[in-house]
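Working notes, beginning with the structure itself.
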Amino acid sequence: MPLAIFSLISLITLVSIYAIELGQAQRDMTQLSARATAITAALERRANASSAYLRAGAALLATMEDVPADDFRRFVSELRLDADYRGAEGIGWAPVVRPDEVAEYNAFAARTGPVPFTLYPQPRGDAPFSAPVTYLQPDTERNRRALGFDMYSEPVRRAAMDEAWRTSRPTASEKIVLLQEGGEEAPGFLIYMPVFASSPEGRVLRGFIYSPFNADAFLQNALELEDAGAFGVRLYDGNPGEATLLASTLLDDGPVLREVRHTVTIANNPSVLVLSARGQTALTGLSMVTLLFGLLVAMLLMLLLRMLIQQAQEDEASLQRFEEQASIRNTLTRELNHRVKNTLANVLSIIALTRRRATSLEEFATGLDGRIRALSATHDLLTQSDWGATPLGAVVRAELLPYTFGEDQKVEMAGPELDLAPNDALSLGLAVHELATNAAKYGALSTPEGKVTVTWRALADNLVQVEWCERGGPPVPQERGRGFGTDLIERIVAHELRHPVELDFDPAGVRCVLRIPVRQRGEFAIRAGKANTPQS
477 MPLAIFSLIS LITLVSIYAI ELGQAQRDMT QLSARATAIT AALERRANAS
527 SAYLRAGAAL LATMEDVPAD DFRRFVSELR LDADYRGAEG IGWAPVVRPD
577 EVAEYNAFAA RTGPVPFTLY PQPRGDAPFS APVTYLQPDT ERNRRALGFD
627 MYSEPVRRAA MDEAWRTSRP TASEKIVLLQ EGGEEAPGFL IYMPVFASSP
677 EGRVLRGFIY SPFNADAFLQ NALELEDAGA FGVRLYDGNP GEATLLASTL
727 LDDGPVLREV RHTVTIANNP SVLVLSARGQ TALTGLSMVT LLFGLLVAML
777 LMLLLRMLIQ QAQEDEASLQ RFEEQASIRN TLTRELNHRV KNTLANVLSI
827 IALTRRRATS LEEFATGLDG RIRALSATHD LLTQSDWGAT PLGAVVRAEL
877 LPYTFGEDQK VEMAGPELDL APNDALSLGL AVHELATNAA KYGALSTPEG
927 KVTVTWRALA DNLVQVEWCE RGGPPVPQER GRGFGTDLIE RIVAHELRHP
977 VELDFDPAGV RCVLRIPVRQ RGEFAIRAGK ANTPQS
């Protein structure tokens, strides 16, 4: 029961922790998604602002028959690129140069550019026109290196320019590599806005006003509007992958636990924003508190139930002990009554036989006194053993004690250690007393030369054979009257021992053989019965 309660409380605690962690994960995902939406909006606002500048520039250039360098420089300077156009490398102009206009363009570039340059690479005749970088503001060393480059000759740029030409909208290119200061390369993209001129044949493409963007600077500029917080940001040109990564922000070390993806449209070109969150796999604070509290409650309940069950078991064991003790007392009381009745019956029999054989009052008193003392000696032994198993040798020694002192030892005893039941010990004590009394009056113990030997040995079927043998005393008369001792041994003792007694009055000495049941040592019968009783 305590283990079941502990398991139940632990299960409830684990389910609670799972619910808390699930709710926390959902809140974190909601927060992550909201942050990704905000950053997506910031990126699109920056792209739309840049596109608005290019639209304004395209509208201005469409009104000019020619695009003078000074006018373009003035237009760009008024845009205040450092304050309002962050993330862009500048604004440039790339006119349409058809194959038959290449020489004229090179001459124009040589006399109007900040440094002499020519169109490169040379047209191969597979493109309807070229779109060389003619102006690129602000005028920096890095931007000057781009002057004259035919952007239409490069496939990625060409695809963006064709799309812008087709839709007449600002269009961003896919990922390109920008040449930075010191010769380093950085990923980026360009936004193109076509410039048209009106003619009787319709609108004619004059060129493209464009802006190159460093992807990392563009992302950082957008994050100034919407802080990424503790999240990592990655911007991809199309499907996320190593080859399409445009820019990213660093994230603390640790496993990525959650991430969301949003599509970002930058100047008519779809990109993918990935916002990710790292963290530890440990439980949240609330989950830890719930776990500790749940385990504490489970352990306390388990200990409480265990104490209650243990107390109940102890109370039940105490009741069982009380019942057992009451049963033992009742049994002992009945046994005592039985033994008292048996003892009184033996006493009455002894008195009756002594009275019939006595010829005088003194003889009656003497005989009765000796036999009662024999019973008393054996009772002392039984009392010392709590009326349990009594050693056979102790019974024999107690009855023959008056004849075993002094230098002229007249009694020899030998045999193994065997135990007798209380009734059997009393009967043996009476028999030995009568034999010893007879030997002291008429037999081997009445002369100095006489000797008594008492031996016992174990037989089969849990029996012990006790043999009394007298030698060296006066000859035993063959013609004699039947005395009280003979009747006591052959009737009372034989009846109590449940086996016949062999009493032989050999002329050389009296010989008596008794067979007595042997008590096996073991557990008290009442307790043994209790232990073997099946518990309900």
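Each residue of the sequence shown is one higher than the last, beginning at 477 in my numbering. Cβ coordinates follow ideal geometry from the N, Cα and C atoms, glycine included.
Is residue j closer than 8 Å to residue i when the C-beta atoms are compared?
i: Phe689; j: Ala538; result: no
i: Ile567; j: Gly533; result: yes
i: Val887; j: Leu902; result: no
i: Phe625; j: Pro608; result: yes
i: Arg734; j: Ala706; result: no
i: Ile488; j: Gly770; result: yes
i: Leu906; j: Val969; result: yes
i: Phe593; j: Ala585; result: yes
i: Tyr628; j: Ala603; result: yes
i: Leu722; j: Leu711; result: yes
Could you check the C-alpha separation between residue i and residue j for me, to the nearest Å?
i: Glu790; j: Thr913; result: 57 Å
i: Pro631; j: Pro676; result: 32 Å
i: Arg634; j: Val543; result: 22 Å
i: Ala648; j: Leu762; result: 47 Å
i: Trp932; j: Ala788; result: 53 Å
i: Ser526; j: Pro646; result: 9 Å
i: Val574; j: Phe551; result: Sequence check: residue 574 is Arg here, not Val. Computed Cα separation, rounded: 26 Å.
i: Asn938; j: His975; result: 13 Å
i: Leu894; j: Gly919; result: 28 Å
i: Glu972; j: Pro924; result: 34 Å
i: Asn806; j: Glu800; result: 10 Å
i: Ala1007; j: Ala874; result: With a pLDDT of 48 at Ala1007, under the threshold of 50, the modelled position of that residue is not reliable, and the figure given next carries that caveat. Looking at the two C-alpha atoms, the distance is approximately 37 Å.
i: Leu868; j: Leu844; result: 24 Å
i: Arg531; j: Tyr494; result: 54 Å
i: Thr929; j: Ser836; result: 33 Å
i: Thr720; j: Ser747; result: 10 Å
Excluding sequence positions up to five away, which residues of its chain have a Cβ less than 6 Å from the Cβ of residue i?
i: Ala774; result: Phe482, Ile485 and Ser486
i: Pro478; result: Met778, Leu781 and Arg782
i: Thr588; result: Ala545
i: Arg810; result: none
Is it buried or exposed, residue i, if we count other Cβ atoms within 10 angstroms and call 16 or more buried?
i: Gly678; result: exposed
i: Ile785; result: exposed
i: Arg423; result: Outside the displayed range of the chain (477 to 1012) lies residue 423, so it cannot be described from this structure.
i: Met764; result: exposed
i: Pro898; result: buried
i: Glu660; result: exposed
i: Leu779; result: exposed
i: Ala743; result: buried
i: Thr506; result: exposed
i: Val871; result: buried
i: Arg522; result: buried
i: Arg511; result: buried
i: Lys927; result: buried
i: Asp900; result: buried
i: Ser674; result: exposed
i: Val940; result: buried
Can you find the residues in the same chain that come closer than 7 Å, C-beta to C-beta, to residue i, ignoring five residues on each side of it along the sequence?
i: Leu681; result: Val572, Trp641, Pro670 and Phe672
i: Ser644; result: Pro670
i: Arg620; result: Pro590 and Val591
i: Gln796; result: none
Using a Cβ-Cβ cut-off of 8 Å (strictly less than) and excluding sequence neighbours within five positions of residue i, which residues of its own chain qualify?
i: Arg549; result: Tyr611, Gln613 and Asp615
i: Pro983; result: Pro951, Val952 and Gln954
i: Pro1010; result: Reliability of the predicted coordinates at Pro1010 is poor, the pLDDT of 46 falling under 50, and no value is obtained from them.
i: Ser492; result: Thr766 and Gly770
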